[in-house]
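Using the working numbering, the letters of the sequence shown map in sequence onto residues 7 to 79. Where a beta carbon is used, it is the ideal one built from N, C-alpha and C, also for glycine.
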Amino acid sequence: MVGNVDRRTALSMFFDRPAIEFWAREPQFQVADILDGHKDHIAKQQGELYLDGREVQRPLMLGQTVYVLRKAA
C-alpha cells in the first residue's frame with residue numbers, strides 16, 4: 007500500500023473480529039457463521055477448470071474471512 011500511495015488503487019482495510027461483531031450487534035444482526043479465509047469452503051466441481059485451463063484439484067479457500075450475518079427476529 008505504501009508503494010501505491012500516489013496511484014489510484016483499491017483501499018485495503020483490515021478489521022479485527024471484535025470490531026465486526028460490535029458493528030453487527032448495533033443494527034441487531036447476529037453472527038450466523040464465520041468462514042475463515044485460510045480454510046477450504048468452496049467445493050470442487052468435477053471437471054472444473056481455472057481460467058488458465060488447469061483442473062481444480064481440491065476445494066478452494068476464499069482468502070478473506072467472511073462473516074455471515076442474520077437480522078435478529
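Would you list the residues sitting across from residue i in a DSSP beta bridge?
i   : result
Q36 : R76
Beta-carbon separation of residue i and residue j under 8 Å?
i   : j   : result
K45 : M67 : yes
Give every residue of the same chain whose Cβ lies closer than 8 Å to the Cβ of residue i, excluding the five residues on either side of it in the sequence, and list them in chain order.
i   : result
I48 : P65, L66, M67, L68
A30 : Q36, V37, Y73, L75
On the three-state DSSP scale, how would you describe residue i?
i   : result
E54 : coil
Between residue i and chain D, is any beta-carbon pair separated by less than 8 Å?
i   : result
E54 : Protein chains in the displayed structure number just one, and chain D is not present.
By alpha-carbon positions, which one of the options ends up nearest to residue i?
i   : options       : result
Q70 : D22, E27, D12 : D22
Using a Cβ-Cβ cut-off of 6 Å (strictly less than) and excluding sequence neighbours within five positions of residue i, which residues of its own chain qualify?
i   : result
E54 : V62
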